[in-house]
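Peer 1: Note that the sequence shown covers residues 1 to 223 in the working numbering. Sharing a structure with you now.
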Amino acid sequence: MQTNFELISHHLCPFLHRSVILLERKGLKKDMDFKVTYVPVYDFPKWLFELSPKGNTPILKMEDSSVLLRSLPINAYFDETISPSFLPENAFERAKHRSLILSCGDLLDTMRMVYTTKDKALMDSSIDKIFSLLKDIEYELNLISQKNGMDEVQMVECAFASFFTVLLNFDRIRDDEKWNELKDIRNYADKLITDPTVQNSKCPNYNDEFDKFFNFFGSAFKS
Numbered sequence: 001m002q003t004n005f006e007l008i009s010h011h012l013c014p015f016l017h018r019s020v021i022l023l024e025r026k027g028l029k030k031d032m033d034f035k036v037t038y039v040p041v042y043d044f045p046k047w048l049f050e051l052s053p054k055g056n057t058p059i060l061k062m063e064d065s066s067v068l069l070r071s072l073p074i075n076a077y078f079d080e081t082i083s084p085s086f087l088p089e090n091a092f093e094r095a096k097h098r099s100l101i102l103s104c105g106d107l108l109d110t111m112r113m114v115y116t117t118k119d120k121a122l123m124d125s126s127i128d129k130i131f132s133l134l135k136d137i138e139y140e141l142n143l144i145s146q147k148n149g150m151d152e153v154q155m156v157e158c159a160f161a162s163f164f165t166v167l168l169n170f171d172r173i174r175d176d177e178k179w180n181e182l183k184d185i186r187n188y189a190d191k192l193i194t195d196p197t198v199q200n201s202k203c204p205n206y207n208d209e210f211d212k213f214f215n216f217f218g219s220a221f222k223s
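Pasting the structure below:
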């Protein structure tokens with residue numbers, strides 16, 4: 001696979017982080033083997049809409065200017081073209097892993113509601129929903145955590161590492177008592193977010209970019 005491609009999204013995009021984590025775990029290096037271009041989430045440039053008319057991100061732009069949108073197909077492409085594969089060989093197990101990745105997408109959508117809404121009641125109910133969703137997949141995720149670092153679980157780990165990076169970035173969630181019911185998942189999350197590939201997936205000045213976001217949108221989460 002050619003390595004001179006570009007990933008484009010906003011600074012805080014966990015779906016972009018997911019792709020960068022995957023590439024780094026496959027041995028590619030950001031700013032060396034591939035380029036990452038960040039755009040302000042509150043001010044997408046006009047050229048971005050030429051690549052993605054509806055503003056969907058992340059965007060994979062190849063050397064020949066061909067474009068692929070959204071993290072699921074982007075990461076599927078990376079997994080098929082850069083060995084080793086980070087999905088199980090068994091078709092049924094692959095399907096289970098893909099189901100977990102879709103569940104992670106639901107968690108990220110709910111987390112986005114947490115830090116974008118101006119309604120405190122909706123914010124609080126969304127936080128509760130996150131813990132409820134985690135409880136629903138607790139058994140499956142704990143099985144994955146027991147195989148941490150193995151090739152076949154890497155695709156799932158890349159997804160959840162990006163989610164936990166956002167989730168545990170905030171004291172009010174890190175200190176939430178609901179974690180007491182999910183001790184194993186919390187321990188796994190703490191381990192994932194300290195991995196160098198996960199830390200390197202974040203944009204420079206990650207927390208400053210969140211402050212800009214909150215100030216621009218007037219989120220209840222910041223108050």
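Don't be surprised by glycine CBs; every beta carbon is placed ideally from N, CA and C.
Val-39 by DSSP, collapsed to three states: which one?
Peer 2: By one-based count along the sequence shown, residue 39 stands at place 39. Strand at Val-39.
Peer 1: Per DSSP, Val-67 forms a beta bridge with which residues?
Peer 2: Numbered from its first residue, the sequence shown carries residue 67 at position 67. Partner(s): Lys-61.
Peer 1: Look at the Cβ atom of Asp-79, then the Cβ atom of Leu-69, and state whether they are nearer than 8 Å.
Peer 2: Here residue 79 refers to the residue found at position 79 when the sequence shown is read from its first residue. Here residue 69 refers to the residue found at position 69 when the sequence shown is read from its first residue. No, the pair does not count as a contact, with Cβ atoms beyond the cut-off.
Peer 1: So for Ile-82, helix, strand or coil by DSSP?
Peer 2: Reading the sequence shown from its first residue, position 82 is the one you call residue 82. Here Ile-82 sits in coil by DSSP.
Peer 1: Can you give me the C-alpha to C-alpha distance between Leu-16 and Met-123, rounded to a whole angstrom?
Peer 2: Indexing the sequence shown from 1 puts residue 16 at position 16. Indexing the sequence shown from 1 puts residue 123 at position 123. Going by the C-alpha atoms only, they are around 24 Å apart.
Peer 1: Do you know whose CA, among Met-155, Val-156 and Asn-169, lies nearest Asp-208's CA?
Peer 2: Working through the sequence shown from its first residue, we reach residue 208 at position 208. Here the closest residue by C-alpha is Asn-169.
Peer 1: Quick one: which unbroken alpha helix (DSSP H) runs of 4-plus residues sit fully inside the region 119–204? Chain order, please.
Peer 2: Listed in chain order, they are 120–136, 138–145, 154–167, 171–174, 183–193 and 196–201.
Peer 1: Compare the beta carbon distance of Val-224 and Leu-100 with 8 Å and say whether it is the shorter of the two.
Peer 2: There is no way to answer for residue 224, as the model of the chain reaches only from 1 to 223.
Peer 1: With C-beta atoms as the reference, is Val-20 less than 8 Å away from Val-36?
Peer 2: What you label residue 20 is simply residue 20 of the sequence shown in a count that begins at 1. What you label residue 36 is simply residue 36 of the sequence shown in a count that begins at 1. A contact, by the Cβ cut-off of 8 Å.
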